[in-house]
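One structure below.
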Amino acid sequence: MRIALVAAFSFSYCLFAVACISTGPTAGSIEAGKYSAIMVTSDLAVGTNRVSFGLVGMEGNPIQADAVNVKSVYFPPEQQNGIIKEEVTAQFVQWPPYDGSKGVFVTELYFDVKGPATVKDPGLWGIEISALTDDGTRIEARSALTVNEFSKTPGIGDMAPSSITPTLLDVGELARITSDLEPDPDLYQVSIAEAIGDDKAAVIVFSTPAFCVSATCGPQLDIVKNIKNAYPDIHVIHVEAFQDPHLIKEGVISLEPVYTMEEWGLITEPWTFIVDVDGRVRAKFEQFVTEDEIRIALEEVLS
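Just so you know, the sequence shown maps onto residues 0 to 302 in numbering that gives the first Met the number 0.
Below is the structure:
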């Protein structure tokens, strides 16, 4: 398995990402225009989903607005006309370095039926986006979506996999289990299996600060460290996405994912999961998530 770096969206990589908006057939009414929507979320399933995307112009320039209007549209098999299912607002969320140069639009969408857009199962979902940019320009963009019946990663309400992740005690030095240049030892004291069997809530982040294309893995880990300090009665765990990070110093880069990534169905990073005291996934975030979003989700679990 390899990490699919395309979904680690960064506006500096937007031209590369534009070519990878969808992986299946596209309905006639979903077509390229002057603006493009770049899907950051790669794992969509029936139910409520956190959906994030970027917007770019024809030259690959990022489109910025405080918020955009999003319509989810379902195209039944063999039908050209879509059915509008939901209309919501997506807010712009800045990514590090928080200077306005990077960011995505984030919202929640509910999909009531699968739409994998395959030959055997041709149902298709899409989103239609409209907005007024900061300079007063009216934009419209569309993107096809692949919505599976079940999530490829642990779904909301599912039991978290009892992964036996290495701890500091197991390996003796942090450099063997994290590429973080300033690691917090507290994030490597217990395995995932130990954490979810301990009657405590847990925040688990999968990231690789040394190899993250979007340059958000390090900042994401810093946010999780803040969460650890603010919530001393929960477990907070960092899982390095790649094996043998200590070999970086020797000039050896394997980029071989750790087995836990496969156990959790992860092909992108970073990912952040919130697990309740019963060991069930209560929230999950693909790619960068703000500290406020984590706190809100965590407070719901702890209340």
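Backbone N, C-alpha and C define an ideal beta-carbon position, used for all residues, glycine too. Note that the structure is a prediction, hence the values are computed from the model and not measured.
ask   = Between which two residues does the alpha helix (DSSP H) carrying M260 extend?
value = From DSSP, the alpha helix (DSSP H) with M260 extends over 258 to 262.
query = Are S162 and L108 touching if we call contact CB-CB under 8 Å?
reply = Between S162 and L108, the C-beta spacing is not below 8 Å.
ask   = Whose C-beta lies closer than 6 Å to the C-beta of Q219 among residues of the same chain, with five residues either side of it excluded?
value = Excluding residues within five positions, the ones whose Cβ falls inside 6 Å are S206, P269, F287.
ask   = What residue ranges within the segment 132 to 193 form continuous alpha helix (DSSP H) runs of no fewer than 4 residues, ordered along the chain?
value = With a minimum length of 4 residues, the unbroken runs of alpha helix (DSSP H) contained wholly in the segment 132 to 193 fall at 167 to 170.
request  = Kindly give me the distance between the Cβ atoms of Q90 and V105, rounded to whole angstroms, as I take these residues to be in contact under 8 Å.
outcome  = Confirmed, Cβ separation roughly 6 Å.
request  = Let me know if R137 comes out buried or exposed under the rule of 16 or more other beta-carbons within 10 Å of its beta-carbon.
outcome  = So R137 ends up on the exposed side.
ask   = At which residues does the alpha helix (DSSP H) containing K227 begin and terminate?
value = Residues 216 to 229.
message = Among T267, L265, I266, T271, whose alpha-carbon lies nearest the alpha-carbon of D221?
response = When only C-alpha atoms are compared, the closest one is T271.
message = Assuming V274 is part of the beta strand (DSSP E), what are its boundary residues?
response = 270 to 274 is the extent of the beta strand (DSSP E) around V274.
query = How should P76 be labelled, buried or exposed, when 16 other C-beta atoms within 10 angstroms of its C-beta is the threshold for buried?
reply = Around the CB of P76, fewer than 16 other CB atoms lie within 10 Å, so the residue is classed as exposed.
request  = Could you say which of V274, V204, I155, D134 lies nearest to Y187 if we only look at CA atoms?
outcome  = Checked all of V274, V204, I155, D134; the closest Cα to Y187 is V204.
task = Pick helix, strand or coil for P61, following the three-state DSSP scheme.
result = Residue state for P61 is assigned as strand, using DSSP reduced to three classes.
request  = Following the continuous alpha helix (DSSP H) through A296, name the residue where it begins and the one where it ends.
outcome  = A296 -> alpha helix (DSSP H) spans 290 to 301.
Proximity of A44 and G125 at Cβ, strictly below 8 Å = Not closer than 8 Å, so no.
key: Exposure of T259, with buried meaning 16 or more beta-carbon neighbours within 10 Å   = Per the 10 Å Cβ criterion, buried.
Cβ-Cβ distance between S178 and E239 below 8 Å = In contact: S178 and E239 (Cβ atoms closer than 8 Å).
key: T82 versus T289 - alpha carbon distance   = It should be pointed out that residue 82 corresponds to Ile in this sequence rather than to Thr. Spanning the two alpha carbons is a distance of roughly 33 Å.
inquiry  = Per DSSP, what are the beta-bridge partners of H237 in this structure?
reply    = Bridge partners of H237: V204.
request  = Using DSSP bridges, identify the partner residues of K70.
outcome  = Beta-bridge pairing by DSSP links K70 to E86, E127.
Beta-ladder partner(s) of Q78, from DSSP = Looking at the DSSP assignment, Q78 forms no beta bridge with any residue, so it has no partner.
Top-ranked residue by Cα proximity to G46, from T132, F149, K101 = Nearest option by C-alpha distance: F149.
ask   = Grouping DSSP H, G and I as helix and E and B as strand, with all else coil, what is E255?
value = Coil.
request  = Within the same chain, show all residues whose beta-carbon is closer than 7 Å to that of L167, passing over the 5 residues directly before and after it, in chain order.
outcome  = When the five nearest sequence neighbours on each side are left out, the beta carbons in the same chain lying within less than 7 Å of the beta carbon of L167 are those of L173, P184, Y187, Q188, in order along the chain.
request  = Tell me whether L265 sits in a helix, a strand or coil according to DSSP, three-state version.
outcome  = The answer is coil: DSSP assigns L265 none of H, G, I, E or B.
query = According to DSSP, what are the bridge partners of F284?
reply = In the DSSP output, where bridge partners are listed per residue, F284 has T271.
inquiry  = Quick check: A200 and V50, are their CB atoms within less than 8 Å of each other?
reply    = Not a contact, by the Cβ cut-off of 8 Å.
key: Beta-carbon separation (whole angstroms), T88 vs N60, contact threshold 8 Å   = Going by Cβ atoms, the distance from T88 to N60 rounds to 23 Å, so no, they are not a contact pair.
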